[in-house]
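Asker: Just dropping this structure here.
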Amino acid sequence: MQNKNARESENAGEELKVAIEARGLTKQYGEFTAVNGLNLKVFDGEFFGLLGPNGAGKTTTVKMLTGLTKPTKGEALIMDANIMERPLDVKRVIGVVPEVSNIYVEMTAWENLLFAAELYDVSRGEAIERAKMLLEVFGLYERRNDKAANFSKGMRRRLAIAMALIHSPKVLFLDEPTSGLDVQSTRNIREVVRRLNRDGVTVFMTTHFIDEADNLCDRVGIINRGQLAALDTPERLKQMIGGKLSVEISLQPIPSLEELKEVSSDVTKTGDKFIVYTESPSTTLSELVKLANVKGWRIISVRTLTPSLEDVFVKLTGLTAVDVERLELIRPSGKGRSRE
Ligand SMILES: Nc1ncnc2c1ncn2[C@@H]1O[C@H](COP(=O)(O)OP(=O)(O)O)[C@@H](O)[C@H]1O
Ligand SMILES: [Mg+2]
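When we follow my numbering, the leftmost residue of the sequence shown carries the number 24, and every step to the right adds one.
In structure tokens, the structure reads:
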């Protein structure tokens, strides 16, 4: 339960161990700035999410944090080691699951894992032990001698994560790990990553799925056009944009909007429900109950609505809710540029 400890000591004002740090990270492609002066710290044991629309600069950020791309300006540190100065030390402690698959489809799952082990200087004996264990954990042991070409997308993604873990890294980077996967595989991978984090692995994950960031991450950074627009826990991000508290109520028989306005002027009707906007949901709730008693209405359902991470995302990125919906539907084809 490292995350919880991390939180508690944060509250106590103690020094936390920094696992990942970006200091003014900037990447320019010619005149175009893909990532602009990014500063952030991810603490040991944390599950950190970098959330942003397509083209925001997520992959470029991961590449700079893992030493795959040289920043134009600024620096990246892993466990206090500067990536550019100590690339080998850094390589030993990080695992990377790239956006574009790094699996060799002509090789079997087993061969892919042993190949990854060689890249990370894992001894043969240890590699065999780890490969067996990882294949079992990822539900691929039975298929270990099958070529990856015959694997489903979800299986390939699991194999890619297993390969990134062959040298037992303390920090794992995942670039859009569930993008393009079906519901079952997505759930499966989220569970696997959650478990890894619970076992103490620091996770840095990028995503354009708002609910994924909301449900998995201890803290979320929202990136837009290469710049960090906000960074906090999902709940604090929601509080930050404030205001939009409301009570949703469904009544029988269905009253008119005018009748509901006795409680508040700020009320809308959606379907068979009413949404009453309020600063104080508890006060509004008791007024609604009183009104229902007086009028003889039956309360079918009632709940308090708080701002969602989507509201925050929309506000900070300037995207409309329709844009957000559209982005959720975008599924990169997942075809590897070079290998798949
Ligand atoms: N090698 C490159 N050359 C030129 N532009 C690039 C290159 N890589 C990425 N970009 C641009 O940088 C921006 C950020 O890209 P990327 O980091 O891949 O975004 P994300 O992963 O958030 O979708 C995009 O506009 C993209 O087109
Ligand atoms: Mg990307």
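C-beta: ideal position from N, C-alpha, C; glycine also.
Could you tell me if residue 175 is buried or exposed, where buried requires 16 or more neighbouring beta carbons within 10 angstroms of its beta carbon?
Answerer: Exposed is the call here.
Asker: Quick one: any contact between the segment 281 to 289 and the segment 111 to 131, if contact means 3 or more CB pairs under 8 angstroms?
Answerer: Result no; under three Cβ-Cβ pairs closer than 8 angstroms.
Asker: For residue 198, list the residues DSSP reports as bridge partners.
Answerer: Paired residues: 229.
Asker: For residue 194 and residue 117, which I take to be in contact (beta-carbon distance under 8 angstroms), what is that distance rounded to the nearest angstrom?
Answerer: Confirmed, Cβ separation roughly 5 angstroms.
Asker: I'd like to know if the segment 77 to 89 and the segment 253 to 273 are in contact, where contact means that at least 3 CB-CB pairs between them fall below 8 angstroms.
Answerer: Segments in contact, no.
Asker: Could you spell out the range, first to last residue, of the beta strand (DSSP E) harbouring residue 168?
Answerer: Unbroken run through residue 168: none, as it is neither H nor E.
Asker: Report the partner residues of residue 71 according to the DSSP bridge assignment.
Answerer: The partner list for residue 71 (beta bridge, DSSP) reads 227, 242.
Asker: Out of 273, 161, 43, 144, which has the shortest C-alpha to C-alpha gap to residue 212?
Answerer: Of the listed residues, the one whose Cα sits closest to residue 212 is 161.
Asker: Sorry if obvious, but does the Cβ on residue 52 come closer than 7 angstroms to a heavy atom of ligand 1?
Answerer: Yes; taking the cut-off as 7 angstroms, the Cβ of residue 52 has a heavy atom of ligand 1 nearer than that.
Asker: Return the bridge partner residues of residue 328 from the DSSP annotation.
Answerer: DSSP, once it has assigned bridges, lists 269 as partnering residue 328.
Asker: Under 8 angstroms by Cβ, that's how I've got residue 158 and residue 178 pegged, so tell me the actual separation to the nearest angstrom.
Answerer: With a Cβ gap of about 11 angstroms, residue 158 and residue 178 do not count as contacting.
Asker: Check whether the Cβ of residue 82 sits closer than 7 angstroms to any heavy atom of ligand 2, and report yes or no.
Answerer: Under cutoff, so the answer is yes.
Asker: Hey, how far is the Cα of residue 322 from the Cα of residue 75?
Answerer: For residue 322 and residue 75, the distance between alpha carbons rounds to 40 angstroms.
Asker: Distance, Cα to Cα, residue 165 vs residue 134?
Answerer: If I take the Cα positions, the gap works out to 14 angstroms.
Asker: Is it right to say residue 40 is buried, meaning 16 or more other beta carbons lie within 10 angstroms of its own, or is it exposed?
Answerer: Exposed, because fewer than 16 other Cβ atoms sit within 10 Å of the Cβ of residue 40.
Asker: Say whether the segment 50 to 64 touches the segment 121 to 130, bearing in mind that this needs 3 or more beta-carbon pairs closer than 8 angstroms, one atom from each stretch.
Answerer: Verdict: no, contact absent.
Asker: Suppose the cutoff is 6 angstroms on Cβ atoms and the five residues either side in sequence are ignored; what does the same chain contact list for residue 82 look like?
Answerer: The residues are 122, 198.
Asker: Is residue 151 helix, strand or coil by DSSP?
Answerer: In the structure shown, residue 151 sits in a helix (DSSP, three-state: H, G or I).
Asker: In the DSSP assignment, find the unbroken alpha helix (DSSP H) run with residue 125 in it and report its ends.
Answerer: Where residue 125 is concerned, there is no enclosing alpha helix (DSSP H), given that its DSSP letter is neither H nor E.
Asker: Spatial neighbours of residue 327 within its chain, please: CB distance less than 6 angstroms, with the 5 preceding and 5 following residues excluded, ordered by chain position.
Answerer: Closer than 6 angstroms at Cβ, skipping near neighbours: 270, 304.
Asker: Thinking C-alpha only, which one of 339, 341, 330, 274 is nearest residue 308?
Answerer: For the residues 339, 341, 330, 274, the minimum Cα distance to residue 308 belongs to 274.
Asker: Residues in the same chain with beta-carbon distance under 8 angstroms from residue 277, minus the five sequence neighbours each way, listed in chain order, please.
Answerer: These residues qualify, in order along the chain: 295.
Asker: May I have a chain-ordered list of the alpha helix (DSSP H) segments no shorter than 4 residues that lie completely inside the segment 82 to 139?
Answerer: Complete alpha helix (DSSP H) runs here, min 4: 110 to 116.
Asker: Using the C-alpha atoms, what's the distance from residue 301 back to residue 268?
Answerer: Using only the alpha carbons, I get a separation of about 6 angstroms.
Asker: Is the beta carbon of residue 103 within less than 7 angstroms of some heavy atom of ligand 2?
Answerer: Incorrect: residue 103 has no Cβ contact closer than 7 angstroms to ligand 2.
Asker: Measure the C-alpha to C-alpha separation of residue 262 and residue 335 and round it to an integer number of angstroms.
Answerer: Going from the Cα of residue 262 to the Cα of residue 335 covers about 9 angstroms.
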